[in-house]
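Numbering (my numbering), first residue to last: 1 to 276.
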């Protein structure tokens, strides 16, 4: 039980621990330059193709709802005129929620594309952090056939993440039909799913070096709870902040490796110390 509050707090700190590590270790900075450039290009594409049209759609939707609300209020008795002020509040809250959703989706997509395209540099960054933290690395097969297998494993990993999201989508949507608490359950479930996917992405470098199956990776994410939960939530928040998210993906990859070294490796991979 003592680990519960400590884990909640500690998990949230790992992206910031990673920032301190990158600032204090010049040799690691070279591994983040190219991924940041890649993230800038992805960010430009997402903002042009998704955010800017999304902002226009949000404005249009809120404006249409405001017009219908005002038409409905105008047909009511004068003593219900206070609903006009309430309509302004509802419009503001709706706009805020839709904008938040838009930026969360944008950040989630940035993580997915950024992690895939920047994976060679993130893999090397993670290796350097793990080696400095643990003093060793698992043996890596550099045979050409092994490299081809790694590419295939990476493709399967992405497909299995999509399958996980598809399987979870239907129950989450059905939550909306539950009276009173349906929307709350949908929100909690969606956030839990997104946080799990984010953790899979940012823990993947050290886990993939050990050639773990997708189900094993997912199990380790849950076994690292509650640290993995708060780590994933903070990372999801950081990658959802416009413009700043271009810089935070390398921090989250580094933070995921640090969390693995501190909280997953000692409990599940100590046999590597004996083998090495």
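We put the CB at the ideal spot given by N, CA and C, even for glycine.
- In three-state terms, what does DSSP make of residue 224? coil
- Anticipated Cβ contact below 8 Å, residue 228 with residue 11, distance rounded: 6 Å
- Are the Cβ atoms of residue 302 and residue 21 separated by less than 8 Å? This structure leaves residue 302 out entirely; the chain is present only between 1 and 276.
- Pairwise C-alpha distance: residue 135 and residue 65: 60 Å
- According to the neighbour-count rule (16 or more other Cβ atoms, all chains shown, within 10 Å of its Cβ), is residue 222 buried or exposed? exposed
- Item | Exposed unless 16 or more other CB atoms sit within 10 angstroms - verdict on residue 59 | exposed
- Query: Which value, in whole angstroms, describes the spacing of the CA atoms of residue 260 and residue 63?
  - Reply: 47 Å
- Task: Would you give the residue range spanned by the alpha helix (DSSP H) that residue 199 belongs to?
- Result: 182–209
- Helix, strand or coil: which one does DSSP assign to residue 42? helix
- Item | Option nearest residue 113 by Cα separation, candidates 138, 46, 209 and 27 | 46
- Smallest Cα separation from residue 100: which of 111, 137, 51 and 132? 51
- Task: From the DSSP output, in three-state form, read off residue 118 for me.
- Result: coil
- Quick one: measure Cβ to Cβ for residue 231 and residue 14, integer angstroms, because I've assumed they're closer than 8 Å. 5 Å
- Query: With burial defined as no fewer than 16 other Cβ atoms inside 10 Å of the residue's Cβ, what is the status of residue 49: buried or exposed?
  - Reply: exposed
- Query: Nearest-angstrom Cα distance between residue 131 and residue 262?
  - Reply: 13 Å
- Item | Straight-line Cα distance separating residue 264 from residue 224 | 7 Å
- Query: If you draw a straight line from the alpha carbon of residue 287 to that of residue 133, how long is it in whole angstroms?
  - Reply: The question about residue 287 has no answer here: the residues shown for the chain are numbered 1 through 276.
- Message: Mapping the DSSP letters down to three states, classify residue 149 as helix, strand or coil.
- Response: helix
- Less than 8 Å separating the beta-carbons of residue 200 and residue 217? yes
- Task: Could you please give the first and the last residue of the uninterrupted alpha helix (DSSP H) stretch that includes residue 251?
- Result: 245–259
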